[in-house]
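Shown next, in structure tokens, is the structure this report addresses.
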Amino acid sequence: MKKFNVKIYDTYQGKVVPFVPIAENKVSIYYCGPTVYNYGHIGNFRPPVFFDLVHRFFKELGYDVKLVSNYTDIDDKIINSALKEHKTEKELSNFYITSYEDSLNKLNILPLYCHPRVSETMDDIIAFVQLALDKNVAYKAGDDVLFSVESVKDYGSLSKIKIDDLIAGTRIAVTDNKKYPMDFVLWKKTDDDGIKFHADFGDGRPGWHTECLVMINKIFGQPLIDIHGGGFDLKFPHHENERAQSEAVYNSPLANNWMHVGFINMGDEKMSKSLGNVVYMKDFLEKYNPDIFRLFVLKGYYRSPLVYTDESIKAAENEIKKYINCKKSADLFVKYHELKDGELLEEYYDPFMEALADDFNVPNALAIFDKLVKDLNNAIRQKQENLISSLYFTFNRLHDIIGLKLETPTIDEEILKLYREFETLRLEKNYSEADKIRAILIEKKIL
């Protein structure tokens with residue numbers, strides 16, 4: 023197999039760089055998951071679909087991929103939603119995690135190594151906060167624990183934000199409790215009825231920015247991983263603050279590559295629950311084939327925003343119909359003619375993989391796949407059996423890397439018998455009887 027030189031746009035360096043894994047033939051990836059206080063909207067599912075493609079691509083290259091994404095199940099939003107819905111925080115978060123995972127399964131997301139929860143990582147988070155205090159990179163501020171941003175020399179280097187400009191443009195004030203305007207909470211005292219945890223530095227709950235790097239260190243056995251990703255909106259402050267804590271407490275970078283996925287917009291606005299302009303994934307999947315969302319997401323370059331419109335979804339739907347019709351024709355031809363597996367055709371496979379290796383240029387990869395679909399349809403029309411075997415084998419390999427299911431009806435012996443009869447009647451020019459069988463095959467969605 024040809025060697026593909028993988029390149030990735032690293033947000034920290036601000037450029038496309040060669041991908042060099044920490045450990046040979048292994049890839050460690052973590053992307054930030056949802057805060058589970060409500061149903062996930064389609065914008066929440068762009069990162070999972072994209073990183074599923076990354077997962078599939080590295081697996082295709084022969085890497086052992088360890089992919090992790092978390093659930094934030096301890097949060098003020100969860101507490102507020104639980105009170106409104108008259109549930110405990112655990113009941114509420116479990117309900118929405120189940121809904122989220124149902125959507126992941128329908129979207130054909132490969133199983134992850136694990137989905138850690140904040141509630142299951144609390145002892146490690148408390149130990150981390152204590153370590154930050156011991157190293158004097160965090161301090162008590164009243165009953166809270168804050169991280170000292172001034173303990174990190176290059177704070178802002180991931181997001182390319184100049185801190186002095188940020189402070190000048192905001193109304194953040196240095197209070198008696200906060201030593202520096204950009205210092206952020208590692209642990210906060212809670213006086214409400216929500217869940218709280220015991221710690222020597224005070225009972226309370228963790229701040230949002232600490233959980234992910236603690237999970238990374240626990241699950242991967244070290245703070246440094248190959249790829250840390252998430253939505254574009256997480257670059258600052260969340261990922262900047264994660265990186266700062268890792269540098270200050272673990273004396274280690276958090277990731278060799280930072281990858282950020284663009285928003286899904288409704289018109290000129292980012293889709294978000296706070297703006298009330300969301301399309302919930304559960305509602306989308308009740309109406310559409312899950313492949314349609316995957317293709318809609320992957321047709322756009324991952325670092326650029328996507329605009330959700332009826333027209334863009336219709337375009338993806340038409341493409342999926344084209345792919346499924348091609349697969350149906352090929353399934354039937356291969357079964358009817360009892361063709362064996364062909365060879366993987368490098369003229370399609372190599373440029374397809376090269377496009378993905380070039381910072382996951384999926385639009386270019388899909389252009390290769392579209393050419394393959396066209397050539398497979400032409401070969402079926404011309405009944406080129408040897409070519410069809412290899413085109414069909416390559417087609418199935420590539421659509422699996424993309425992660426499209428392209429579900430088609432099973433062609434069993436009953437269907438083959440009907441189709442043989444249909445072909446015989448056509449050859450005999452008994453068109454009236456052939457049309458009757460054709461109607462049955464259409465009803466069964468074979469033709």
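Residues are numbered in my numbering as their position in the sequence shown, beginning at 1, plus a constant of 22. The C-beta atom is built at its ideal place from N, Cα and C for all residues, glycine as well.
Short Cβ contact (8 Å threshold) for residue i with residue j
i	j	result
ILE468	LYS349	no
LEU426	ARG316	yes
ALA154	LYS200	no
THR33	MET281	yes
MET293	GLY65	yes
LEU75	PHE318	no
TYR4	VAL356	Summary: the structure shown does not reach residue 4, with the chain confined to residues 23 through 469, and so no result is reported for it.
LEU180	LYS128	no
ILE342	ASN311	yes
GLY55	ASN92	yes
ALA352	LEU398	yes
LYS182	GLY36	yes
LEU168	TYR177	no
LEU89	TYR135	yes
ILE96	VAL151	no
GLU443	ILE433	no
TYR441	TYR358	yes
Cross-strand partners of residue i (DSSP beta bridge)
i	result
GLY251	TYR53 and MET281
LEU286	The question names Leu, but residue 286 in the sequence shown is Ile. LEU328.
GLU291	MET288
CYS136	VAL90
LYS162	VAL167
ARG227	LYS210
VAL38	TYR31
LYS48	ASP86
PHE242	Its beta-bridge partners do not exist; DSSP assigns none.
Own chain partners of residue i with C-beta closer than 8 Å, once the 5 adjacent residues on each side are dropped
i	result
LEU113	It should be noted that the sequence gives Glu, not Leu, for residue 113. Cβ neighbours of GLU113 beyond the five flanking positions: ALA104.
GLU107	LEU114
THR143	GLU233, VAL236, MET237 and LYS240
GLU339	TYR310, ASN311 and ILE314
LYS218	THR212, ASP225, GLY226 and ARG227
ILE247	ILE44, SER50, ILE51, TYR52, ILE238, LEU276, ALA277 and ASN278
Rounded straight-line distance, which links the Cα of residue j to that of residue i
i	j	result
LYS321	PRO385	5 Å
VAL87	ARG78	9 Å
TYR371	PHE391	9 Å
ALA195	PHE285	Because the pLDDT of ALA195 is 45, which lies under 50, any placement of that residue in the model is unreliable, and the number read from its coordinates should be weighed accordingly. Their backbone Cα atoms lie some 31 Å apart in a straight line.
ASN60	TYR118	6 Å
PRO138	SER50	15 Å
VAL58	GLU123	11 Å
ASN47	GLY364	28 Å
GLU369	GLU407	18 Å
GLN404	ILE424	28 Å
ILE249	ILE44	10 Å
ALA190	PHE306	At ALA190 the pLDDT is 48, less than 50, meaning the model places this residue with poor confidence; the figure from the coordinates comes in the next sentence. One C-alpha to the other measures close to 42 Å.
ASP255	PRO327	11 Å
ASN279	TYR31	8 Å
LYS439	LYS393	32 Å
ALA266	VAL174	6 Å
ASP332	ASP222	54 Å
HIS220	PHE67	34 Å
MET288	LEU297	10 Å
ILE148	PRO133	29 Å
ASP290	LYS336	20 Å
THR94	HIS231	11 Å
LYS451	ALA461	17 Å
Cut-off 7 Å between Cβ atoms - residues of its own chain near residue i, not counting five sequence neighbours on either side
i	result
GLU172	TYR202
LEU428	ASP313, TYR345, ILE346, LYS349 and HIS421
PRO245	LEU235, ILE238, ASN239, SER268, TYR272, SER274 and LEU276
LYS304	TYR61, SER121 and SER125
THR110	ALA104
HIS63	MET293, LYS295, VAL300, VAL301, TYR302 and MET303
THR430	ILE346, LYS349, LYS350 and ASP353
ASN27	PRO40 and ALA379
VAL42	none
LYS99	THR57 and TYR59
Cβ separation of residue i and residue j, assumed to be a contact under 8 Å, to the nearest whole Å
i	j	result
LYS29	ALA277	In fact, because the Cβ distance is near 16 Å, the residues do not count as touching under 8 Å.
LEU126	PRO70	6 Å
ALA456	LEU447	4 Å
GLY224	VAL207	With a Cβ gap of about 12 Å, GLY224 and VAL207 do not count as contacting.
PHE73	TYR53	5 Å
LEU366	ARG419	6 Å
ASP166	LYS211	6 Å
beta-carbon residue i near the ligand MN non-hydrogen atom, thresh 7 Å
i	result
ASP213	For the structure depicted, the ligand MN is absent and the ligand set is empty, with no information on it obtainable.
Cβ shell of residue i (< 6 Å), same chain only, five flanking positions each side left out
i	result
GLY11	The structure shown does not extend to residue 11, since the chain is modelled only from 23 to 469, so the question has no answer here.
VAL38	LYS29, TYR31 and ASP381
ALA401	LEU409, ILE410 and LEU413
PHE242	SER50
Chain D contact for residue i (CB, 8 Å cutoff)
i	result
PRO43	Checking the listed chains, one finds no chain D in this structure; it contains a single protein chain.
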